[in-house]
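So the sequence lines, in the order shown, correspond to chains A and B.
According to this note's numbering, the stretch in the first sequence is residues 25 to 587, in order.
According to this note's numbering, the stretch in the second sequence is residues 204 to 462, in order.
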Amino acid sequence: MTQPSLWRVFEPKWRTALQRIREERSRGGSGKLLLLVGVGTLFWLAVFRVLYVILRYFRGVEELGPLLAGKLLGLVLLSFISILVLSNVITALSSFFLAKDLDLLVSAPVDWLRIYLAKLGETLLHSSWMVALMAVPILTAYGVIYHGGPLFAPFAVLTLFPMLVVPAVAGSAVTLVLVNVFPARRTRDLLSIVALGAAGGLILLLRVIRPERLASPEGFRNLLDFIAVLRTPTSPFLPSEWATKAIMTFLRGAADPLPLLLLWTTAAALVTIGAMLHRALFASGFTKAQEGAERFVRGEWWRWTVGTLLGFLPVAKREFVLKDVKLFFRDTTQWSQLILLAVLVVVYLFNIKALPLHRGEQVGFFYVTLVSFLNLGLAGFVLAAIAARFIFPAVSLEGRHMWLLRSSPLELHTLLWSKYWVGTVPLLVLALLLTGLTNVLLQVRPFMMVVSMLTICGLTFAIAALALGFGALYPQFETENAAQIPTSFGGLVYMMATIALLGAVLRTLWTAVYAYVRAVYQGQPVVVDAWMISWFAVAAVLCAAATALPLWVGLRRMERFEF
Amino acid sequence: MIRLENLTKHYGSFVAVDDVSLEVSRGVLYGFLGPNGAGKTTTLRMIAGILRPTDGRVSLGGDDVHANPIAAKQRLGFIPDRPFVYDKLTGAEFLRFVAALYGQEGDAVGRRIAELLEVFELASWKDELVEAYSHGMRQKLIISSALIHRPEYIVVDEPMVGLDPKAARLLKDIFRQFVSRGGTVLMSTHTLEVAEAMCDRVAIIQHGKIVAEGTVDDLRRQHRAGDASLEELFLRLTGGAQVRELAEVLGHGGGDGAP
Numbered sequence: 025m026t027q028p029s030l031w032r033v034f035e036p037k038w039r040t041a042l043q044r045i046r047e048e049r050s051r052g053g054s055g056k057l058l059l060l061v062g063v064g065t066l067f068w069l070a071v072f073r074v075l076y077v078i079l080r081y082f083r084g085v086e087e088l089g090p091l092l093a094g095k096l097l098g099l100v101l102l103s104f105i106s107i108l109v110l111s112n113v114i115t116a117l118s119s120f121f122l123a124k125d126l127d128l129l130v131s132a133p134v135d136w137l138r139i140y141l142a143k144l145g146e147t148l149l150h151s152s153w154m155v156a157l158m159a160v161p162i163l164t165a166y167g168v169i170y171h172g173g174p175l176f177a178p179f180a181v182l183t184l185f186p187m188l189v190v191p192a193v194a195g196s197a198v199t200l201v202l203v204n205v206f207p208a209r210r211t212r213d214l215l216s217i218v219a220l221g222a223a224g225g226l227i228l229l230l231r232v233i234r235p236e237r238l239a240s241p242e243g244f245r246n247l248l249d250f251i252a253v254l255r256t257p258t259s260p261f262l263p264s265e266w267a268t269k270a271i272m273t274f275l276r277g278a279a280d281p282l283p284l285l286l287l288w289t290t291a292a293a294l295v296t297i298g299a300m301l302h303r304a305l306f307a308s309g310f311t312k313a314q315e316g317a318e319r320f321v322r323g324e325w326w327r328w329t330v331g332t333l334l335g336f337l338p339v340a341k342r343e344f345v346l347k348d349v350k351l352f353f354r355d356t357t358q359w360s361q362l363i364l365l366a367v368l369v370v371v372y373l374f375n376i377k378a379l380p381l382h383r384g385e386q387v388g389f390f391y392v393t394l395v396s397f398l399n400l401g402l403a404g405f406v407l408a409a410i411a412a413r414f415i416f417p418a419v420s421l422e423g424r425h426m427w428l429l430r431s432s433p434l435e436l437h438t439l440l441w442s443k444y445w446v447g448t449v450p451l452l453v454l455a456l457l458l459t460g461l462t463n464v465l466l467q468v469r470p471f472m473m474v475v476s477m478l479t480i481c482g483l484t485f486a487i488a489a490l491a492l493g494f495g496a497l498y499p500q501f502e503t504e505n506a507a508q509i510p511t512s513f514g515g516l517v518y519m520m521a522t523i524a525l526l527g528a529v530l531r532t533l534w535t536a537v538y539a540y541v542r543a544v545y546q547g548q549p550v551v552v553d554a555w556m557i558s559w560f561a562v563a564a565v566l567c568a569a570a571t572a573l574p575l576w577v578g579l580r581r582m583e584r585f586e587f
Numbered sequence: 204m205i206r207l208e209n210l211t212k213h214y215g216s217f218v219a220v221d222d223v224s225l226e227v228s229r230g231v232l233y234g235f236l237g238p239n240g241a242g243k244t245t246t247l248r249m250i251a252g253i254l255r256p257t258d259g260r261v262s263l264g265g266d267d268v269h270a271n272p273i274a275a276k277q278r279l280g281f282i283p284d285r286p287f288v289y290d291k292l293t294g295a296e297f298l299r300f301v302a303a304l305y306g307q308e309g310d311a312v313g314r315r316i317a318e319l320l321e322v323f324e325l326a327s328w329k330d331e332l333v334e335a336y337s338h339g340m341r342q343k344l345i346i347s348s349a350l351i352h353r354p355e356y357i358v359v360d361e362p363m364v365g366l367d368p369k370a371a372r373l374l375k376d377i378f379r380q381f382v383s384r385g386g387t388v389l390m391s392t393h394t395l396e397v398a399e400a401m402c403d404r405v406a407i408i409q410h411g412k413i414v415a416e417g418t419v420d421d422l423r424r425q426h427r428a429g430d431a432s433l434e435e436l437f438l439r440l441t442g443g444a445q446v447r448e449l450a451e452v453l454g455h456g457g458g459d460g461a462p
């Protein structure tokens, strides 16, 4: 029997993608596309600019310059490859074992090699597209600074492609083995914890090592030591090192085919080994992946604790909140992200503590106030990102259950109310913790403490409302994975709206805070007069509007949902 | 009474439901029949208040579902064709949650949950997460959830799909008892034997329009069908009798004896 081509096996995927594009276009999606392209280009330009400045500086340094540029590229590619292994392990689990088209593919007379190659391609595409896009401005900067010429672009593609294949094969193989050991659902749970633990550990390690100290010349006894360290390959057996070597050799105008040869032969050999492993283990793993779901749970505990705490609420609101809390804490892919959040808070506070601010009394006061004020923006951004992950998907995740909610006498504003407070309360605790502890560490004066605490409260209410409102405005009912929902177009618009709000509120408050700083600096008494209060009032109105308006728009949008 | 007045639903230029008017009286089990894509599910979802009609109105016991939704939905139990339930809740938790949506709580709800789970043979599964349930068990759970608040009207889309014969029989008995006590059931189904045996009246919908309505005997009389079965009537009314040659459809690979 003639086997279908790989293109045919992929057909449902690319046809679905094409259809989505057509639907977007028919809905007048060209504005969306323009915005996405605009934001993407801006991001690319920013990355290019940063790399360009660094590399131009390196180029001006005799001897050390090219070594530093190579080291930097090596580090970038090494971090890419580490991210890719993790993301491939997680993506391979979905594409090889949990995807909806697997039943059809496995039951059809398609041979194992085609299934393997098609699924490997799918895994590679899903896990690597972001890294590949990120590499474009970075490599362009290298090409421009070191005059790579027109052939540099195809050479870079030729180098990067096998470097992306290697982690895809490795990740898929790890998943294959893990699924054979655990049932798939457990594996996914385990992986999210492993991935987050690894990410958290890495961040903590970076903070403990303090790389900024290594960059200072006092860290090395002499220049020769420093050069010796730079010349030593960081990881000689990793494809990232070969890719770095290939690219830097090309940019120097020398000819050394060995690194490229190593990359391609390793990728080919790994694909072969991966295929053999797939042939031996896939059938048993796929069978195991069909099994296993968590069964008995302790539901009464939640009823006694959260249920009792919320006893003052009407029954529909209470049960709705209780339901959302249970769903969150029973889904490992959701709650395990709290680990990352905890690491983030520790790193955040650690960074604030590391700031050398308290050296001179007057200058110290100015910088302390400035940092405390700017910290509002940074904390607001962190809160926005957290809200994007946890609050933005809230309405989308109800999509498949809307038959129940809409056919019951539950009022939509009750639903929205519950979603809002389930998201806002933990966000507010985090916001107060971040701002309060930062201010304590900075030893700010009471005026700034009060201003920043009130501001962060207002911002948190607004950020949560924006996340929920935009989540309702741009729902993703067909996506089951909550982590994917914020990466949609709606998520981007939400982040842009939130950043605009942060800018507007901080700009408004700055006038009042500046008056305070000037008064203290000049040794005059701080007078909270009508003028200052009016600025605070404008900021409060901005926050209140950014809270009420998105909720109102979200509610109107939800009333028009059709299922 | 469930009353549909000139109910219409457009999806862009496609007319899914076209000016449908219908009355289902108290104490009646009403069958809503039609081929795939005829507009049955769209009609039922508009009755349940999940979809908004393009035109026309739906009322349940005199309350307009879209103008006065809370009062109308309080009386309704809706059973969809696809059993999407929160996977990370247990069966008992799901039922308690649904009861809360109808404003019910307390010991009475606990007793009602135990009673329904017992009837549908889910009692031993009550503390297990729904993600471990089979399709049929989820369907039974959804049926239980539609009954938890003792509705006056039940609107049900393909109730027999996924149920084992015992549960299907149980459901038929429940529906019959429900209407004998004054409740109203509007049920869409493809199982014409079930519709013929159970329904007091039926409507057949095709291309979004009602093409026949009445008791099965009414339909036979109206279409001079003698003692034809509901299946024969249905095929005649919906043009399904023009079936292609089976041999042509099945091809020549049917077995050793195939020519």
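Beta carbons are placed, not taken as given, at the ideal position from N, Cα and C, and that holds for glycine.
Source: prediction; values computed, not measured.
Considering only C-alpha positions, which residue in the set the options is nearest to residue i?
i, options, result
"P510 of chain A", "A:I415, A:A524, A:R424 and A:W445", "A:I415"
"E226 of chain B", "B:R206, B:A317, B:R341 and B:E434", "B:R206"
"I357 of chain B", "B:A400, B:F235 and B:N209", "B:F235"
"V446 of chain A", "A:V345, A:G277 and A:V544", "A:V345"
"M249 of chain B", "A:V74, A:S431, A:L333 and A:D553", "A:S431"
"L99 of chain A", "A:P186, A:I45 and A:P263", "A:P263"
"V160 of chain A", "A:W559, A:L101, A:W288 and A:D348", "A:L101"
"Y170 of chain A", "A:G94, A:F104 and A:Y140", "A:G94"
"R384 of chain B", "B:I407, B:R372, B:G215 and B:R353", "B:R353"
"G482 of chain A", "A:A194, A:T329 and A:T522", "A:T522"
"L144 of chain A", "A:M187, A:A41, A:K124 and A:A299", "A:A299"
"E396 of chain B", "B:V364, B:A415, B:L433 and B:H426", "B:L433"
Can you round the beta-carbon distance between residue i and residue j to whole angstroms, since I take them to be within the 8 angstroms contact cut?
i, j, result
"T479 of chain A", "L452 of chain A", "Wrong, their Cβ atoms sit about 13 angstroms apart, outside the cutoff."
"L407 of chain A", "A455 of chain A", "6 angstroms"
"K7 of chain A", "W441 of chain A", "No answer is possible for residue 7 of chain A: it lies beyond the span of chain A, which begins at 25 and ends at 587."
"F82 of chain A", "T164 of chain A", "Between T164 of chain A and F82 of chain A the Cβ distance is about 16 angstroms, and since that is not below 8 angstroms, they are no contact."
"M390 of chain B", "P368 of chain B", "Not really, about 18 angstroms apart at Cβ, beyond 8 angstroms."
"L301 of chain A", "L184 of chain A", "Not a contact, Cβ separation roughly 25 angstroms."
"V189 of chain A", "F390 of chain A", "54 angstroms between Cβ atoms; not a contact."
"L575 of chain A", "A506 of chain A", "Actually they are not in contact, since the Cβ atoms of L575 of chain A and A506 of chain A sit about 21 angstroms apart, beyond 8 angstroms."
Quick one: residues in its chain with C-beta nearer than 8 angstroms to the C-beta of residue i, no 5 flanking neighbours on either side, listed in chain order?
i, result
"L516 of chain A", "L59, L60 and V63"
"V551 of chain A", "A543"
"D403 of chain B", "V231, L232, Y233, V382 and T418"
"A274 of chain B", "D266"
"R379 of chain B", "L232 and M401"
"Y289 of chain B", "F297, F300 and V333"
"R44 of chain A", "none"
Does DSSP put residue i in a helix, a strand or coil?
i, result
"G547 of chain A", "coil"
"V218 of chain B", "strand"
"D360 of chain B", "strand"
"G458 of chain B", "Because the pLDDT of G458 of chain B is 46, which lies under 50, any placement of that residue in the model is unreliable, and the question is left without a value."
"L389 of chain B", "strand"
"T394 of chain B", "coil"
"G331 of chain A", "helix"
"S228 of chain B", "coil"
"L210 of chain B", "strand"
"S262 of chain B", "strand"
"L279 of chain B", "strand"
"K37 of chain A", "helix"
"F501 of chain A", "coil"
"Q43 of chain A", "helix"
"D376 of chain B", "helix"
"L516 of chain A", "helix"
Using C-beta distances below 6 angstroms, list every residue in its chain close to residue i, excluding the 5 sequence neighbours before and after it, in chain order.
i, result
"V130 of chain A", "none"
(request) Pull out every residue of the region 348 to 366 of chain A whose Cβ sits closer than 8 angstroms to any Cβ of chain C, in chain order. (result) Chain labels in this structure do not include chain C; the protein chains are A and B.
(request) Identify every run of the alpha helix (DSSP H) within the region 328 to 379 of chain A, keeping only runs that are complete inside it and at least 4 residues long; order them along the chain. (result) 339 to 354, 356 to 359 and 361 to 378
(message) Which runs of the alpha helix (DSSP H) at least 4 residues long sit entirely within the region 302 to 362 of chain B? Give them in chain order.
(response) 310 to 322 and 338 to 350
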